[in-house]
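According to the UniProt record's numbering, the stretch in the sequence shown is residues 1 to 313, in order.
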Amino acid sequence: MTYLDSDEDAENEGTVGKNVEPKKSNATGTTPADQSCKSESHTVKSLGTYPTCWSVDQYNYLITTYSWLIFENGSIGCSICRKIKSLGVGTFTTKSSHISTEWSACSVRRDGKKAVAQKALRKKIQKHAKSQAHIAASGILDEKEEEKVETALLKSVAHSRELTERCLRTAYFIGYQNRPFTDYPDILALQSRNGIELGSILHSSYTLTEMIECIATNMRKKHCSAIRDNERKIAIIIDESTFVSCLIIYTRAVIVETPENVFLDMRELEGQDAESVFKCLLTMLAEFGFDEDYTFGVWIWIWIIHLEFRVWI
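Shown next, in the form of structure tokens:
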């Protein structure tokens with residue numbers, strides 16, 4: 001039975017209104033009801049099986065205002081309550097609230113005269129929309145949707161991080177084995193052929209340079225942190241030349257068992273006098289967490305390599 005019915009069917013259902021007119025066939029064999037269906041069908045969002053006492057305009061208004069309404073065999077129900085089914089015990093629930101079986105099973109209906117049925121269904125919908133159970137179910141559903149979005153975002157971030165780690169490990173291999181940077185794209189292509197996903201970024205030689213620099217900087221910082229945390233004695237090795245105005249600094253310290261020589265940095269000197277060298281040295285050490293008080297307390301010696309002779313301090 002559609003939303004516009006014949007007088008006979010309407011009388012059988014008890015939903016005949018005052019404005020219902022008898023069917024009149026025209027030359028084409030169609031009735032006014034059929035013509036009305038054709039003219040109004042484009043305004044219906046979904047014909048479905050909504051109550052026959054509603055007009056098309058009423059149907060469109062109600063499903064717009066109450067988006068959770070669902071329809072089955074002329075009955076109405078609540079899509080939110082159907083999804084939640086049980087409130088359980090939580091923030092949104094109270095002791096007296098529970099999901100209505102009628103609304104979750106989509107079995108709410110009202111037979112009788114058209115005006116009476118419309119009024120009764122309207123009251124039921126408004127009452128359900130304000131009920132504690134429906135509000136609690138809406139809160140639980142919204143929370144679940146937020147959790148889904150958050151979980152999807154976390155998975156996306158974790159996947160992106162894993163792809164970055166794979167590229168970083170490959171970059172570390174290139175640097176550790178002293179391989180030419182031109183080997184990087186070929187190694188990535190080989191891994192891809194072996195079924196390893198590497199994403200679509202961090203595949204160029206330029207990004208390889210940046211990744212190796214990032215890895216080296218973090219390794220140097222970790223080395224210096226281990227020296228500071230364990231209060232190890234350190235030796236500073238300085239490589240300086242009168243022909244090239246730059247300063248190269250190494251640290252030598254025993255962290256586990258054997259001494260380790262670690263390159264810290266290379267800096268351009270403002271001048272080639274002793275004061276400029278010493279100032280550059282302290283500035284560089286401070287950037288790696290060695291302040292003056294700590295540095296002077298743990299220094300064993302400074303070894304300066306200058307041209308063909310070496311100076312011990």
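Where a beta carbon is used, it is the ideal one built from N, C-alpha and C, also for glycine.
In this text the structure is predicted, and so the values were computed from the model without any measurement.
Bridge-paired residues (DSSP) for residue i
i                 : result
tyrosine 250      : Ile237 and Phe263
valine 116        : Beta-bridge pairing links valine 116 to no other residue.
phenylalanine 173 : Bridge partners of phenylalanine 173: none, in fact.
glutamate 72      : Ser75
glutamate 162     : Answer is none; glutamate 162 lacks a bridge partner.
valine 56         : For valine 56, which the question treats as bridged, DSSP gives no partner whatsoever.
valine 108        : Ile76
Collapsed DSSP secondary structure at residue i in the structure displayed
i                 : result
cysteine 78       : strand
valine 256        : coil
leucine 87        : coil
glutamate 102     : helix
phenylalanine 278 : helix
glutamate 145     : helix
glutamate 287     : helix
glutamate 213     : helix
leucine 190       : helix
residue 332       : What the structure shows of the chain is the stretch from 1 to 313, and residue 332 is not part of that stretch, so it cannot be assessed.
glutamate 268     : strand
residue 316       : There is simply no residue 316 to check, as the chain begins at 1 and stops at 313 in what is shown.
isoleucine 125    : helix
glycine 139       : helix
isoleucine 201    : coil
proline 51        : coil
asparagine 178    : coil
isoleucine 227    : helix
aspartate 273     : coil
Residues near residue i in its chain [Cβ-Cβ closer than 7 angstroms; skip 5 each side]
i             : result
glutamate 270 : Ser276
valine 108    : Ser75, Ile76, Gly77, Glu102 and Lys124
arginine 110  : Ala117, Ala120 and Leu121
isoleucine 84 : Ile99, Ala137, Ile140 and Leu141
aspartate 265 : Ile249 and Met284
threonine 164 : Leu202
arginine 267  : Cys246, Leu247, Cys280 and Met284
tyrosine 66   : Ile125 and Ala129
tryptophan 68 : Cys78, Ser79 and Ile80
8 angstroms CB neighbourhood of residue i in its chain, flanking five on each side removed
i              : result
glycine 289    : Lys221, Cys224, Ser225 and Arg228
serine 192     : Leu198
isoleucine 215 : Leu168, Ala171, Tyr172 and Gly175
isoleucine 212 : Ala171, Tyr172, Ile174 and Gly175
tyrosine 50    : Tyr3, Tyr59, Phe71, Gly74 and Ile76
residue 316    : In this structure the chain extends from 1 to 313, so residue 316 is not present and cannot be described.
isoleucine 187 : Thr170, Phe173 and Ile174
leucine 87     : Thr93, Ser97, His98, Ile99, Ala133, Ala136, Ala137 and Ile140
Residues of its chain near residue i, where Cβ-Cβ distance is below 6 angstroms and the 5 sequence neighbours each way are ignored
i            : result
glutamate 21 : With a pLDDT of 44 at glutamate 21, under the threshold of 50, the modelled position of this residue cannot be trusted, and the question is left open.
lysine 144   : none
valine 262   : His223 and Thr251
arginine 166 : Leu198
Interface flag, residue i vs chain B, CB-CB below 8 angstroms
i          : result
serine 100 : Absent from the structure is chain B; it holds one protein chain and no more.
message = Under 8 angstroms, with one C-beta from each stretch per pair, do the region 127-137 and the region 172-186 reach the 3-pair mark?
response = With the cut-off at 8 angstroms, the region 127-137 and the region 172-186 do not touch.
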